[in-house]
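Here my numbering is used: the first residue of the sequence shown is 4, the next is one more, and so on.
Written below as structure tokens is the structure these notes are about.
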Amino acid sequence: MRKVAVLAISLAGMMAMGAGKPDDPLTRPIAPDSAKRWLAPQPPVRLHGQTYLVGFGGLNVALIHTSAGLILIDGAVPQAVEDIEVKIRQLGFSIKQVKLILSTEPHFDHAGGIAALARDSGATVIASAPAAAILRQGGGDPEDPQAGWLERFPGVTKLRAVRDGERVRLGDVAVTAHGTPGHTLGSMSWSWKSCEGKDCRTIVFAASLNPIAADGWRFADPAHRRFVDAFRTSFARVKAMPCDMLIASHPRDSDADRLARLAKTSTPHPFADPAACRDYATRAEAALEKTLQE
Ligand SMILES: [Zn+2]
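Okay, here's the thing in structure tokens:
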């Protein structure tokens with residue numbers, strides 16, 4: 004009897020501390036109000052071949068199944084990690100199979116969960132050299148256009164920097180790194196071939212090309228010229244990329260509709276759109292020109 008009573012009290016104490024779970028510094032919520040919008044529920048789905056989506060209505064996270072384990076692209080916010088790992092399990096895999104985590108940009112909304120995902124999997128995190136430096140310190144880049152409002156996030160330890168154009172190999176899959184700076188100077192997009200039998204498509208996971216800055220920081224400022232130059236080079240690159248299907252780090256407005264159609268049929272494939280990357284860059288380019296004129 005006594006033992007039961009003690010157990011009941013300690014359980015109640017734990018529940019009072021929050022959901023009965025011990026505090027985990029790597030999954031503490033960041034910006035919970037904005038994150039609620041990004042984390043709109045989305046079931047895990049096979050996009051094409053060995054490529055899956057394990058992210059959310061407002062944040063994409065991709066999973067590639069190779070012959071030597073899994074590759075994850077981006078990690079959302081820390082509070083999303085448990086959900087991402089559940090989705091990986093629902094697809095029949097385990098977080099322990101993740102060997103590489105590729106990062107598109109060192110901002111908390113796409114990289115906040117990476118430290119926890121890397122710890123839980125043992126994976127190596129891969130990013131551009133400038134992004135790797137910021138991932139290591141968990142954000143806080145004073146030169147970032149959004150420095151004025153960005154949140155810090157858990158720093159990543161096991162990192163490897165790759166160069167623009169480098170191919171990252173795991174088993175039978177090679178992912179190409181495409182430097183697409185502008186939104187951050189370390190932003191990187193990733194592309195790979197995904198096959199269903201002989202039906203192979205080039206899939207691009209594109210970093211954000213959003214020309215957004217905190218109050219008072221202006222792209223038109225001559226001191227910020229290198230961001231504008233970087234953006235213009237990136238727009239041209241993304242427009243010219245081989246790209247059969249686009250996964251943008253923040254899903255496009257039409258993605259929800261595409262996913263609904265994909266749940267019914269993959270012929271024709273709702274995500275198959277040879278103009279997707281070109282349109283994505285063209286829209287970002289128009290946004291930058293508008294910002295420069297204002
Ligand atoms: Zn960002």
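Cβ atoms here follow ideal geometry from the backbone N, Cα and C, with glycine treated the same way.
Note that the structure is predicted; figures quoted are calculated from it, not measured.
Start and end residues, beta strand (DSSP E) containing residue i
i, result
"D202", "D202 to A209"
"S124", "Where S124 is concerned, there is no enclosing beta strand (DSSP E), although the alpha helix (DSSP H) it sits in stretches over I117 to S124."
"L105", "V101 to L105"
"A65", "A65 to T69"
"I91", "Counting along the chain, I91 falls outside any beta strand (DSSP E), though it belongs to the alpha helix (DSSP H) covering V84 to Q93."
"H113", "Premise fails: H113 lies in the alpha helix (DSSP H), F111 to A114, not in any beta strand (DSSP E)."
"A130", "T127 to A130"
"R49", "V48 to H51"
"T54", "T54 to L56"
"I74", "G72 to I76"
Supposed contact pair residue j and residue i - C-beta distance, whole angstroms, cut 8 Å
i, j, result
"L2", "G78", "Residue numbering for the chain in the displayed model covers 4 to 297; residue 2 lies beyond these limits and cannot be assessed."
"T187", "A134", "7 Å"
"P44", "K90", "Going by Cβ atoms, the distance from P44 to K90 rounds to 10 Å, so no, they are not a contact pair."
"A118", "L29", "5 Å"
"C246", "C280", "4 Å"
"L173", "T69", "5 Å"
"A126", "I104", "5 Å"
"L212", "V241", "7 Å"
"P254", "G60", "7 Å"
"G168", "T183", "Not a contact, Cβ separation roughly 12 Å."
"T107", "A34", "With 8 Å as the limit, T107 and A34 do not qualify as a contact, their Cβ atoms being about 18 Å apart."
"F230", "G158", "At roughly 24 Å, the Cβ-Cβ gap does not stay under 8 Å, so F230 and G158 are not in contact."
"L42", "L62", "7 Å"
"F208", "A65", "5 Å"
For residue i, the nearest candidate out of the options (CA to CA)
i, options, result
"C198", "A210, V176, L212 and G185", "V176"
"D258", "P245, A243 and D276", "D276"
"P225", "P273, T160, P254 and L295", "L295"
"K201", "H51, A34 and S37", "H51"
"E146", "S106, R255, G189 and T127", "G189"
"K99", "L73, K293 and T107", "L73"
"A216", "I206, H227 and F208", "H227"
"I67", "L212, F111 and G95", "G95"
"H363", "G151, R155, P214 and V101", "The chain is shown only over 4 to 297; residue 363 falls outside these bounds and no answer can be derived."
"W193", "K293, M244, R31 and D232", "M244"
"F234", "G219, L153, Y283 and I206", "Y283"
"S131", "W220, R166 and M248", "R166"
"L153", "H181, L162, K161 and P109", "P109"
"E288", "T160, P214 and L56", "P214"
"R40", "R139, V80 and A266", "V80"
"K293", "L265, A223 and S252", "A223"
First and last residue of the uninterrupted alpha helix (DSSP H) at residue i
i, result
"P35", "P35 to W41"
Can you list, in chain order, the stretches of the beta strand (DSSP E) that have 3 or more residues and sit fully within the stretch 152-221? 162-164, 170-173, 176-182, 191-199 and 202-209
Around ligand 1, Cβ to any heavy atom closer than 7 Å, ordered along the chain: E108, H110, D112, H113, Q149, H186, T187, S211 and N213
Those runs of the beta strand (DSSP E) which lie wholly inside the stretch 230-278 and span at least 3 residues: 248-251
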